[in-house]
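Here's the structure we're looking at; comments come further down.
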Amino acid sequence: MPRNAPPENIPVVNEEALMSLHAVFNYGEAALWFVIALILAVRLGMKMPWRWLLPLGFAVFGVSDLIEAQTGAWWDPWWLLVMKAACVLVFLLAWRAHRRQGKAHG
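Going by numbering that gives the first Met the number 0, the residue at position 24 of the sequence shown is 23; the numbering climbs one at a time, nothing skipped.
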């Protein structure tokens, strides 16, 4: 056995298979975010002007996962990280608005 070869009892990881698994996972995530965006758009309606932000945030998050499937990283390019962070900010602000609305009615 050559000196740099892995031991026979340790399986060799196929990097292409891992990348395709990563891409498949990201495509699945993107589909999930698009479905959530569609459901929220239908259920929330457009009664209040800010309500379109949450479905849009989930749709943009889905787009970011499609980009991530191509780049292989959520932080590269730098603007992908900014896009994901902006979506998370929208989610947090929507959650906060929902909690405040509940306290006002409860």
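All residues carry an ideal CB built from backbone N, CA and C; glycine is no exception.
In three-state terms, what does DSSP make of residue i?
i           : result
residue 105 : Only weak support exists for where residue 105 lies, its pLDDT of 46 falling under 50; the coordinates are left without a value.
residue 51  : helix
residue 56  : helix
residue 73  : coil
residue 44  : coil
How would you call residue i, buried or exposed, if buried means at least 16 neighbouring beta carbons within 10 angstroms?
i          : result
residue 20 : exposed
residue 94 : exposed
residue 61 : buried
residue 24 : exposed
residue 79 : buried
residue 72 : exposed
residue 74 : exposed
residue 77 : exposed
residue 29 : buried
Please identify the residue among the options whose C-alpha is closest to the C-alpha of residue i.
i          : options           : result
residue 87 : 37, 55, 71 and 65 : 55
residue 85 : 63, 98, 47 and 40 : 63
residue 92 : 50, 67 and 76     : 50
Kindly give me the distance between the Cβ atoms of residue i and residue j, rounded to whole angstroms, as I take these residues to be in contact under 8 Å.
i          : j          : result
residue 68 : residue 26 : 6 Å
residue 37 : residue 89 : No, residue 37 and residue 89 are not in contact; Cβ-Cβ is about 16 Å, not under 8 Å.
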